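In our numbering, the protein residues as written are 31 to 227.
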């Protein structure tokens, strides 16, 4: 999932360490939410949410509707500002490449988001159906899911999921270190070319 260029969200200030907005930008987001809420219900229905997501992201229709169903925790057919705030934070995490940090910092909310049936556990099917939200590779997730299923019941409860989030932070750090190494290598290559000429 990617945030499209030119949307108002791409201009907002986002704290990539805590994966939250500043108070000023949260207020701007609230105003934006009210503009999208053309029915003045303090909520967005599936049509309003669909058009917002198609405008702001590259997600196909079926994944947009899957996200709406995940966010509609109370099955009211609408999402409020809290849920809207969460999906916008997830979108901006993609911009800053801190998806795994978001999972770690907001593990309870992410757990509830992934637990589609409200059973208090995440099944492999629920896990696989929602990985596109965080741009995580499916094969790695399957291995991690098996690794952190300590009870062996083929589901992750919150404690097991919390351990998984720690692994996500490790994966994020490895990714950051690799990208730093690649940047240094490309810089060295550039310097070599400059010195030779």
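Beta carbons: idealized from backbone N, C-alpha and C, even for Gly. Note that the coordinates shown come from a computational prediction; the quantities given were computed from them, not determined experimentally.
- Annotation: the continuous alpha helix (DSSP H) that includes residue 55 extends over 53-66.
- Taking residue 41 as the centre and dropping the five residues before and after it, the same chain places no C-beta closer than 7 Å to its C-beta.
- Listed as beta-bridge partners of residue 87 by DSSP are 33.
- Excluding the 5 residues flanking it on each side, residue 179 has same chain C-beta neighbours closer than 8 Å at 185, 186 and 190, in chain order.
- Non-local beta-carbon contacts of residue 52 in its own chain, meaning distances under 6 Å to residues more than five positions away in sequence, involve 43 in chain order.
- About 6 Å separates the beta carbons of residue 120 and residue 163, which is inside the 8 Å limit, making them a contact pair.
- The residues 98, in chain order, have a CB closer than 6 Å to that of residue 76 in the same chain once the five nearest residues on each side in sequence are set aside.
- Beta-bridge annotation (DSSP): residue 74 is paired with 109.
- Around residue 88, the same chain offers 32 as residues with beta carbons nearer than 6 Å, after the five sequence neighbours per side are excluded.
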